[in-house]
Structure formats: C-alpha cells, structure tokens
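What follows is a single structure, written as structure tokens, with notes after it.
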Amino acid sequence: MIKPCTLAGTDAPLRVLGSSGGISDMKVKEPQKGEIVNFKKGEMNVPDKVIIPYIEGDGIGTDIMKATLPVVNTAVQKAFRGKKEIIFFEIYAGEKALAKYGNVMPEETLVLINKYKLSLKGPLTTPVGEGYRSLNVFLRQYFNLYACVRPVKYYPGVPSPVKTPEKMDVVIFRENTEDVYAGIEWEEGSKEARKMIDFLENNFKIKVRRDSGLGLKPISETGTKRLVRAAIKYAIKNNRKNVTLVHKGNIMKFTEGAFRNWGYELAKDEFPKSVITEEAVLKKHNHHIPKGKIVIKDRIADSMFQQVLTRADEYDVIALPNLNGDYLSDACAAQVGGLGMAPGANIGDEIAIFEATHGTAPKYAGQNKVNPSSLILSAKLMLDYLGWDQASQLVEKGIARAIQQKRVTYDLARLMGAVTPVKTSEFAEIICDNMGQ
Ligand code: NAP
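Here the sequence shown is numbered in the working numbering, starting from 735 and rising by one per residue.
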C-alpha cells in the first residue's frame, strides 16, 4: 500500500493506492504474458519472464529509450536464448502523460510503478521558476527510494581530463531523502524565518542575522543506517573490497559526524563476520586485511575530493549523505566521460527506478543524436539488480567495444578528434553487433 500524498507543486491529492489502485478504466494495457518480481522476507524473487514498465521521458528521452530497449532485449536473448525475457511496456509521466491524461504524473503510473516494483525511466523536464516541482524528486520521495546508486567506471577510449582514469571504479550510495535536500527552508524576511530566528534567540541564545534565509539539515539514524546497510550488502554481494563513509563530521558533528558513527555502528552490529574497520587492519593486523573481509573506512568530504583524483583505486563502494553525494558523484563521473556515460538507480526496500542521470537536453530532442549510454548503463544496472549477470556483461562488452572502435555519438566524438559521430540508433546497433565473441 502506498501512502497518500500530494503531488509536489499541485493541489491534487493522490488517493491511497493498492496493487490494483482501484482504477477501473486503465488507459495503459498491461502485458498478458510474464510475471512481476516479488519479495519474500525482503528477498527478491525474479521470474524468468519478468514484466518491467518504462517511462520514455521528455526531450531526448524518446531517442535514448528507443536505443536502450533493443540493446537490453538483444543482451538478454543472447545470454539466455529465450529462457529468460524482459517484457517491457510503456507507462507515462511528463509531457506524454499530460497529452494522454491531462496530468504530468497520472495516478495510474504510480499504481503501475508500485505494482511492478522495478522500472526504467528517461529524463523528465522540471520547469524553472514556475509550474510543477521536479517529478524526479517527487518519485524518489513518494516511493521512499532512499538510495541513489551511481556506479562510476572508466571504459578504455573514453576521453578523460585525468591521466589515469582507469583507476576509477566506484559505486556511490548517496542518501536520497534527508540532509539540506529535505526542502525544509524559509525565505529571508518571511514570517516563518523571523519566527525561527526569534525562537533560536529566545530558547537557545543563538543569534542569527535577521536578514538570513534559513534551512534545516536533518540526518537521522534510520536514514543513515538503511543507506549504509544497502551499501554493505552491495559490497558483499559484488565482492567489493571496501566501503568508505564520506562525511564532514569534523565540522557538522551531530549530522555528518553522526552519519559516520551510525555507519560504523551498523557495520559492527549487523555485519560482524563480513567487515573489519580500517583502524583494526592497521592496529591489530599489521596493515594486512584478513581474507574475505570488507574494510570499512571513513574520509572527510573535502579530502575525498582529492582522493578520487589522486588515489581513485583505493576506493570501491562509497556511502554518503545527500549533498556531498550529489557533488561527488558528478565529480567522479567527470573523470570517466561525464554525464552521458553515468548511470543511476533510485532504490528503496522493494521499489527501484533505474534512470539516466542527465536531463532532457531539449535542444537535441528527436534528432537521433545524443549518447544513450547513461540510460543503457542504467538498464545494465537493472540487469545486475535482477541477478542476470551474463546479460549485463554483454551490454558492457558491447559498449566498451563500440568506444574502442571510436564508433561513438557526437559528445564523445568531438573529444576524440577526427572521429565522425554516429547517430543514437546506430550506436545502439553497434553495441548489439559487438556483443558476440
Ligand atoms: P541536461 O538535459 O542534462 O543537458 C545539459 C547538456 O548536457 C546538454 O546540452 C548536452 O551538452 C549534455 N548532455 C545531456 N545528456 C546528454 C546525452 N545523453 N548525450 C550527450 N550529451 C548530453 O541538463 P539541463 O539542460 O540543465 O536540463 C534540461 C531539463 O532536464 C531540465 O528541465 C531539468 O530539470 C531536467 N533534468 C532532469 C533530470 C532527470 O530526469 N533525472 C536530471 C537533470 C535535469 P552539450 O550541449 O555540450 O552537447
């Protein structure tokens, strides 16, 4: 059951949604064959023929989704020869939904995301300074998708601003619901801001300049622990070597510092057999990591920005609060080809949305020109999530080879020099052709 809430920026209250949603006249036709992923005691069970809805997205969404679906289908077909299959079907949000339903985020779409658990999503427009608030943020909050997962990895041949980009292979777990992004803020001069300033002065003798805007930075034990738990589970499942908690706890002791402390506490309490702290490795094991142990360490955020430039290979899985996570994931992506190459997923306890990290790039919409790699790699992440590793490896192999052959879209071609760019759809075909031996 999804909790009722109001679509940010509109006054339309959403009804309580069950698995059917109580909608009798659905506009979308759901597939007749295939099954839904299901959960038993928190463990996901993936049927061989799995149904997954997708939102095409606005702007270049149409170009990149058209390229992505055949790549995924080809990889699954080549890997499993018909034994496994993804049955994709379209659901609507953004401009296409407005045309079809008269609403940018129809209730039916929310019902279907909730029902099918996993979905693939193109970028959605957020009007600047007017209209509705971000549909992307809305989906994360509505479905409590608390972990923003962004793998950042170098593919040989991708133009990079650093000397050894191949050292970068990290998976970032950014907290998605708290921190200064919680949206708790008051404008300078407003009644609320003045009230808060008076409250702080009268109750805590804290003086804040009267011409200040104010914001709150909540970071909870619950939010921190569920994120760090997801990061450690990922590290264990994927044979990663270490998990780094990144924070600014030297300055913000009760928010960022608490994030660090709760992270260590969770690792010790819930994963005692799998993890060891960096401190224990140094002090008790003479700098040697005991076999099979994942090292938990922490770094101050500003130092971490240097570390990912100078010693990227010392980092593996990285867990961090919302704001620093936002900055660090883009900084890491810049080293390996930028946003066009950066995949992402927003993951909750059962529901997950896999999405390109860039926006709708409206000036290129419908031109069959842009790089679909971000969405294709997000779909690869979805294959990993399903446990369909053979198909995931084929997608990666196809992309890596296409790049090595310098058969790439305009964004990479212009950085490679003297390379004629291919169209979005051609790039997808080249990836599929490269999945063979
Ligand atoms: P953007 O859409 O990410 O585009 C900015 C620039 O990034 C493009 O002009 C292009 O650079 C490059 N780029 C983006 N995607 C690319 C791709 N697939 N291949 C090659 N190059 C690509 O950012 P924006 O213009 O700031 O945002 C446009 C809209 O998208 C806004 O409404 C924003 O709110 C929304 N948005 C949505 C999401 C989401 O759905 N998750 C995320 C971010 C933004 P060049 O011009 O240099 O070629």
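C-beta: ideal position from N, C-alpha, C; glycine also.
- Query: Name the DSSP bridge partner or partners of histidine 1092?
  - Reply: Beta-bridge pairing links histidine 1092 to no other residue.
- If you pair each beta-carbon of the region 1050 to 1061 with each one of the region 972 to 988, do three or more pairs fall below 8 Å? yes
- Message: Between alanine 1162 and serine 1112, how many whole angstroms is the CB-CB distance? I'm expecting something under 8 Å.
- Response: Alanine 1162 to serine 1112, Cβ: 14 Å. No contact.
- Using a threshold of 8 Å, state whether the C-beta atoms of glycine 997 and threonine 956 are closer than that. no
- Item | Near the ligand NAP: threonine 860 beta-carbon under 7 Å from a heavy atom | yes
- Item | First through last residue of the alpha helix (DSSP H) which encompasses arginine 1148 | 1144 to 1150
- Separation of asparagine 1056 from glutamate 912, as counted between CA atoms: 7 Å
- Taking only heavy atoms of the ligand SAH into account, decide whether any of them is closer than 7 Å to the Cβ of glutamate 1089. Judged by which ligands are present, the ligand SAH is missing from the structure shown, whose ligands are the ligand NAP.
- Task: Leaving out five residues on either side along the sequence, give the residues of the same chain with a beta carbon under 7 Å from the beta carbon of glutamate 1130.
- Result: Lys1114
- Over what stretch of residues does the beta strand (DSSP E) that includes leucine 1117 continue unbroken? No beta strand (DSSP E) holds leucine 1117; the alpha helix (DSSP H) holding it covers 1107 to 1120.
- Determine the contact status of glutamine 1069 and proline 893, defining contact as a CB-CB distance below 8 Å. no
- Query: At what residues does the beta strand (DSSP E) containing proline 787 begin and finish?
  - Reply: 783 to 789
- Rounded straight-line distance, which links the Cα of valine 806 to that of arginine 1141: 19 Å
- Item | For methionine 778: DSSP bridge partner residues | Phe773
- Message: For the region 797 to 804 against the region 1090 to 1104, do three or more pairs of beta-carbon atoms, one drawn from each stretch, fall closer than 8 Å, so that the two count as touching?
- Response: yes
- Task: Could you spell out where the beta strand (DSSP E) holding glycine 1078 opens and where it closes?
- Result: 1077 to 1081
- Message: Counting C-beta neighbours from all protein chains within 10 Å, is the total for asparagine 937 16 or more, i.e. buried, or is it exposed?
- Response: exposed
- Item | Three-state secondary structure (DSSP) of glycine 991 | helix
- Under the rule that 16 or more other beta-carbon atoms within 10 Å means buried, what is lysine 1018, buried or exposed? exposed
- Where tyrosine 880 and alanine 1152 are concerned, what is the direct C-alpha to C-alpha distance, given to the nearest angstrom? 43 Å
- Beta-carbon contacts of glycine 1082 that lie in its chain and below 8 Å, excluding the five residues immediately before and after: Phe877, Asn878, Leu879, Tyr880, Ala881
- Which residue comes first and which comes last in the alpha helix (DSSP H) that contains proline 952? Unbroken run through proline 952: none, as it is neither H nor E.
- Assuming leucine 854 contacts phenylalanine 1088 under a Cβ cut-off of 8 Å, what Cβ separation, rounded to an integer in Å, is found between them? 5 Å
- Item | Three-state secondary structure assigned by DSSP to leucine 1185 | As shown, the chain starts at 735 and ends at 1171. That puts residue 1185 outside it, with no answer to give.
- Query: What do you reckon, is the C-beta of alanine 1134 under 7 Å from a heavy atom of the ligand NAP?
  - Reply: no
- Query: Going straight from the alpha carbon of alanine 827 to that of isoleucine 918, what length do you get?
  - Reply: 26 Å
- Would the beta-carbon of asparagine 1105 be found less than 7 Å away from any heavy atom of the ligand NAP? yes
- State yes or no: is the C-beta of histidine 1092 within less than 8 Å of the C-beta of glycine 1121? no
- glycine 1172: buried (16+ other C-beta within 10 angstroms of its C-beta) or exposed? This structure cannot settle anything about residue 1172, because the visible part of the chain is limited to 735 through 1171.
- Query: When DSSP builds the beta bridges, which residues end up paired with alanine 881?
  - Reply: Glu909, Ile1081
- Have a look at lysine 1027 and proline 781 and give me their C-alpha separation to the nearest angstrom. 32 Å
- Message: What does the alpha-carbon distance come out to for the pair lysine 1103 and aspartate 1145?
- Response: 9 Å
- Message: Please classify arginine 749 as buried or exposed, where buried requires at least 16 neighbouring CB atoms within 10 angstroms.
- Response: The pLDDT assigned to arginine 749 is 42, lower than 50, so where the model puts this residue is not dependable; a value taken from the coordinates is nonetheless given after this. It counts as exposed.
- List the DSSP bridge partners of serine 853. Ile1087
- Return the bridge partner residues of alanine 1014 from the DSSP annotation. Paired residue(s): none; alanine 1014 is not in a bridge.
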